[in-house]
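Below is one structure, written out as structure tokens, with a few remarks after it.
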Amino acid sequence: MATGQDVLNALNTLATNQTALQQVVTDLVTNMNSSKGVSKPHNYNGIGSEDARRFLAAFEVWAQGIPRIRTLTGHEPVKSAILFLEGEAAIWATPIAENISAHTSNNNIALTYPNWVDFKAAFIARFETADPVTDAKTMLKTLYQGKNSVASYAATFKQYSGRTGYSDVDLRDKFYDHLADRIKDGLVHTQANTSLLASLITEAIRVDNRINERNRQKTPFKAVTPSAHHFQPGNPPFFPPRDPNAMDVDATRTVTVKKYTLTNPRYID
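When we follow my numbering, the leftmost residue of the sequence shown carries the number 1021, and every step to the right adds one.
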């Protein structure tokens, strides 16, 4: 039989569990309210200093809405951040993830980056170049129009061209070199002056639009005609089998029948 002390202990335990549950619910509601409208950061592939800076800024804003990592202390933010890395960045973070896994199994194994500040410093040193000019030049080397429109290619080109220190003539040549072949072919026949970068971009966009318009005109327009609908009954009509002994009757022919009487053998027409 339970004593009064047992009952008191049970009530205390129940109160403690209720308080813990209430705290969990409070944290969940706070998380939902605080992170509402804040999207997760886009994955970072390890290419580009600007993208690296954007990733860190976006991650820290997003993390502030997550109770578990909102203070950006300890290694919990590090565990979350490496989940958003891919490509070269994921390769760089693989030893970090292995170290965290080993530390989780054995606390005696020291963490490579025990807090967010250490990880952030290493991330910046690896992916954010100290020289934005060099970074911009590298981006222009790898930037091609490809299958994109000239307008899209030009917009990206302008993001980096202003920081390279190149002259307008050099930028004009680099922009032309990485245009798609179909645009270069169209520029051969143009009468416009494309000696400057701005004029080249304008004319290249015009050529691109003209090519797209011609392609649309060449595409035959297929008119949709309604198809004839034939009645198809669900069950075919039933025709009884023909009696082989039945006499064929042609309803279109008339026959004169000779009538006889029993009393007179003569026939009557």
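Beta carbons: idealized from backbone N, C-alpha and C, even for Gly. A quick note: this is a predicted structure, and the numbers were derived from the prediction, not measured.
- For P1115, the CB contacts under 8 Å within the same chain, skipping 5 residues up- and downstream, are T1132 in chain order.
- For T1162, the enclosing alpha helix (DSSP H) begins and ends at 1152-1162.
- S1059 and W1082 have their alpha carbons spaced roughly 7 Å apart.
- From the listed residues V1170, A1218, N1127, D1155, the smallest Cα separation to N1229 is found for V1170.
- In this structure the stretch 1057-1076 touches the stretch 1104-1122; the number of beta carbon pairs closer than 8 Å is three or more.
- Taking the C-beta atoms as reference points, L1216 is found nearer than 8 Å to D1188.
- The C-alpha of R1202 is placed about 16 Å away from the C-alpha of A1174.
- Remark: fewer than three beta-carbon pairs, one from each stretch, lie closer than 8 Å, so the stretch 1153-1162 and the stretch 1124-1131 are not flagged as touching.
- Within its own chain, the residues whose Cβ lies closer than 6 Å to the Cβ of R1192, once the five positions on either side in sequence are excluded, are L1217, L1220, listed in chain order.
- By the neighbour-count criterion, in which 16 or more other beta carbons inside 10 Å mark a residue as buried, P1240 falls on the exposed side.
- DSSP places L1207 within a helical segment (H, G or I) once states are collapsed to three.
- DSSP places F1195 in the uninterrupted alpha helix (DSSP H) bounded by 1188-1197.
- Beta-bridge pairing by DSSP links L1105 to Y1064.
- Each residue's CA atom was taken as its position, placing E1096 and I1120 some 10 Å apart.
- Between V1227 and T1210 a beta carbon distance of about 7 Å is seen, short of the 8 Å cut, so the two are scored as contacting.
- Secondary structure at T1176: helix, using DSSP grouped into helix, strand and coil.
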